[in-house]
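In the working numbering, the protein residues as written are 3 to 998. Glycine included, C-beta positions come from ideal geometry on N, C-alpha and C. Given the structure is predicted, the values throughout are model-derived calculations rather than measurements. Reading through the structure tokens given below for one structure.
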């Protein structure tokens, strides 16, 4: 009776070359390769022959716009190709598991955890592959996508692990490197074309996506097939373990061979025992050659945990410091001016404490304590009272800046440890931007978040404590004496450079949608889109950081600085794709100078470089706010609308930092040739791997955020538009919590099809670099126009619509004295008719001339269209008086939604060419400081019907009726009657008004 148990095989090494030995894994590899290709190709061929037009058709287009099927459509939609595919995939499973097991046997070493981890990832990939191939998109679309994404995420550690563990086989390593690059390089255009299809509905995009998807399959299979080159020393042998056969059996005990040759013996299957010497000889072959490893990554769990802790702690730092502005901003909003709480922005200047020798020595020797205290910025969410919460956040920022400045100073005498800490901060910023993207521009551990609005504060705090304990486990390297400045260096110039760098990172790169919205100009889309192209910003940041690791002198050259200045200019002056190319240049440049600038600051007097640096950064933050808040702050008119001055100042500060680095280099060159000492690169590769993993997570979040495309209005059968206007108070409710979830619930329950949002531009440091419209649009299934971007110096006006936005134009109305008044003029496709909508926020009450000029401008703008239209606005006027009569006039052609509503002051809805059937005012609860006004319109089917409605006199147009006399589909939800729900109810009138 024959058996195939496991045992150790060994023989004396007397073979001439390992390449002469046949391989044990060839049958498994051949079966795997043939079965996999047969599975996919048979499904493709049979599907194309039997159901071609069906499998190339997708949710938007069919043949001839789409002419090549995707993998999912090919393998999951039709019989018999689906069944044939699954049969071959079942055959593949055995060789696939064998491949993972044999690779583990080949690469395992005593005391090394990486082979086990890679084997676990191989098993994980195999199971998830079975998941997305047997649970097709037709069976369960969500689980199919989840398992597919899990498979792709698991492929990253499997691929990198296989390369790291590769035996010294030059050919195999080269092929693995090429195929891995091709695999991950294919992911980027594949995701891009998928989003072009899914979001933008581009004809033919899905066909292009399909080619990349099929290429991914081929690269994946080819990568695993390269293993055949490493398994050439294995041989399949059948042997009777009792020795009763005539086959070869070695009588030499394994222990003797181990002692004689002093080599570890590999575990293999007993069926290979006829030529067991092959394994021993191969082991010797590996031992004699240098490591042929592309990555040269000596993986240990200790270093992996160190890197994870450092990166997460860097993420915590950015989470704490970016939350301060949002918390401070809450108070001037309610005071409508300077509140006094703005002084908390000065908490970043805590590194001035390092000026005292005793304090500096204590801080250096107690870094764990101050890093733990910095977590107060996350724990602040536990306090509901806004002023106290702000105080705790301010304390957290104070300790964070002090802790990191102390750490940089303490590590400044050791190049490797210092650079590792700086990398933690830089990669932490990339992780912060990724987390904000996954949470629709909110950070899940901000103190304005909690469980009710999607926060993960408790989890973030626990992980933060663990990260600090790991991050601070090594003793400091300096005693606390302030270092002397490098020869030729200037601490104040280094402080300028640090301030410019830190302000640039915070203002432009703390959210991936910030610079995209700088270049946004409305529909049709002519540039990047936040949910589609956010990864481009993260990729540029990652590229800049990686280049900096290996080309230090290049990124600090004057040529690189000139490129950075050009990028800043293009971003500031241009829109659409051209402006975004400038944005990507800025992202790359800012990240590339992070390591040299912070390293330079750490090696000089930290009181000046970090204390003064953060002080200058604070002035830049105020400058950043003053350009738009000029109507409420001292000296505001001088800085009004000067984003260009901000960018010039930013690049000038960075130029000071570059000059200081060159001055040091020139001083050193004048004495002796300087040779840069290359530090061990192990930590660089761990942080580079962490950056790559974060990029994969970002792409996964991009796929997760693909909208459902459920843009169906609530009452299509009645040809009804429910329109609303709401001033959302920068998405902070009365208790200083982020209010997106509560806003979403009210908009959905009121069945609003089109809504204008005012005070909606949050893309500044003081507002957290957020974008409420992304969450609302994707969750509610609406198209969105952000309105004038953050570089247009307004408080924001946005439009969300269940109906396609065919065109939108942004306007900045005349404002010679007060704040700029933004407006959006958009054309919607409403049940086959073109309908115009205007969203407008006028100037303040004090600026009488501004409001007069704005009223005249808007009146002419509304009168410029003869299509049905409605206005959703904030007018700052009393009904029937003053500028009201410019908005409701023969020039504009607009009518008031309810002239009898005497209680309005700010929000107004006007219309023309539409049949108004309902109007309601809904209380805000504690979401904001302004109610939500809603109107219902029926869209006439013809222009003649619109003209007939316009010909009606005012008395007939404004005739009221009861709710019982209007169809059920026209009625407002009954849930808001009486006391309503969650503090929302019909008020002023106590009930909606209806019109006949």
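{"Asked": "Given residue 90 as reference, the closest of 77, 100, 101, 102 once Cα atoms are compared", "Found": "77"}
{"Asked": "Inter-residue Cα distance where the pair is residue 1001 and residue 747", "Found": "Since the first residue shown for the chain is 3 and the last is 998, residue 1001 is missing from the structure and cannot be characterised."}
{"Asked": "Buried versus exposed, by CB contacts within 10 Å (16 or more), residue 196", "Found": "buried"}
{"Asked": "Assigned secondary structure, residue 797 (DSSP; H/G/I helix, E/B strand, else coil)", "Found": "coil"}
{"Asked": "Same chain only: Cβ atoms within 6 angstroms of residue 867, ignoring 5 sequence neighbours per side", "Found": "838"}
{"Asked": "Rounded C-alpha distance that separates residue 669 from residue 347", "Found": "37 angstroms"}
{"Asked": "C-alpha distance - residue 308 paired with residue 473, whole-angstrom precision", "Found": "7 angstroms"}
{"Asked": "Neighbourhood of residue 830 by C-beta distance below 8 angstroms, restricted to the same chain and skipping five residues each side", "Found": "756, 803, 805, 806, 807, 808, 836, 837, 838, 839"}
{"Asked": "Identity of the residues DSSP links to residue 838 by a beta bridge", "Found": "829, 871"}
{"Asked": "Where residue 909 falls: helix, strand or coil (DSSP)", "Found": "strand"}
{"Asked": "Residue 898, DSSP secondary structure in three states", "Found": "strand"}
{"Asked": "Exposed unless 16 or more other CB atoms sit within 10 angstroms - verdict on residue 731", "Found": "buried"}
{"Asked": "Neighbour-count burial assignment, residue 541, 16 or more Cβ in a 10 Å radius", "Found": "buried"}
{"Asked": "Pairwise C-alpha distance: residue 101 and residue 42", "Found": "20 angstroms"}
{"Asked": "Helix, strand or coil at residue 574 according to DSSP, with G and I counted as helix", "Found": "helix"}
{"Asked": "Length at least 4, wholly inside the region 573–659: the alpha helix (DSSP H) runs in chain order", "Found": "578–594, 596–604, 615–628, 638–641"}
{"Asked": "Beta-carbon proximity of residue 322 to residue 360, cut-off 9 angstroms", "Found": "no"}
{"Asked": "Sub-9 angstroms separation of residue 693 and residue 418 beta-carbons", "Found": "no"}
{"Asked": "Residue 852, enclosing alpha helix (DSSP H) - first and last residue", "Found": "850–865"}
{"Asked": "Rounded C-alpha distance that separates residue 686 from residue 698", "Found": "18 angstroms"}
{"Asked": "Runs of alpha helix (DSSP H) lying entirely within the region 313–343, each at least 4 residues, in chain order", "Found": "none"}
{"Asked": "Separation of residue 103 from residue 229, as counted between CA atoms", "Found": "12 angstroms"}
{"Asked": "Coarse secondary structure for residue 986, derived from DSSP in three states", "Found": "strand"}
{"Asked": "Where the beta strand (DSSP E) containing residue 500 begins and where it ends", "Found": "Residue 500 -> not in any beta strand (DSSP E); alpha helix (DSSP H) instead, spanning 493–511."}
{"Asked": "Neighbourhood of residue 518 by C-beta distance below 6 angstroms, restricted to the same chain and skipping five residues each side", "Found": "530, 532"}
{"Asked": "Residue 943 and residue 833 closer than 9 angstroms at C-beta", "Found": "yes"}
{"Asked": "Closer than 8 angstroms: residue 728 CB and nearest the ligand GDP heavy atom", "Found": "Questions concerning the ligand GDP fall outside what the structure shown contains, since it holds no ligand whatsoever."}
{"Asked": "The region 605–613 touching the region 399–413, judged by at least three CB pairs closer than 8 angstroms", "Found": "yes"}
{"Asked": "Closest residue to residue 843 among 742, 633, 420, 877 (Cα-Cα distance)", "Found": "877"}
{"Asked": "Per-residue DSSP class, three states only, for residue 688", "Found": "helix"}
{"Asked": "Spatial neighbours of residue 422 in its chain, beta-carbon cut-off 6 angstroms, leaving aside the 5 residues before and after", "Found": "685"}
{"Asked": "Start-to-end residues for the alpha helix (DSSP H) that takes in residue 2", "Found": "Outside the shown range of the chain, which is 3 to 998, sits residue 2, and nothing can be said about it."}
{"Asked": "Residue(s) in a DSSP beta bridge with residue 935", "Found": "727, 923"}
{"Asked": "Beta-carbon proximity list for residue 427, same chain, < 6 angstroms, skipping 5 on both sides", "Found": "316"}
{"Asked": "N- and C-terminal bounds of the beta strand (DSSP E) containing residue 810", "Found": "807–815"}
{"Asked": "Beta-carbon spacing of residue 962, residue 897 below 9 angstroms", "Found": "no"}
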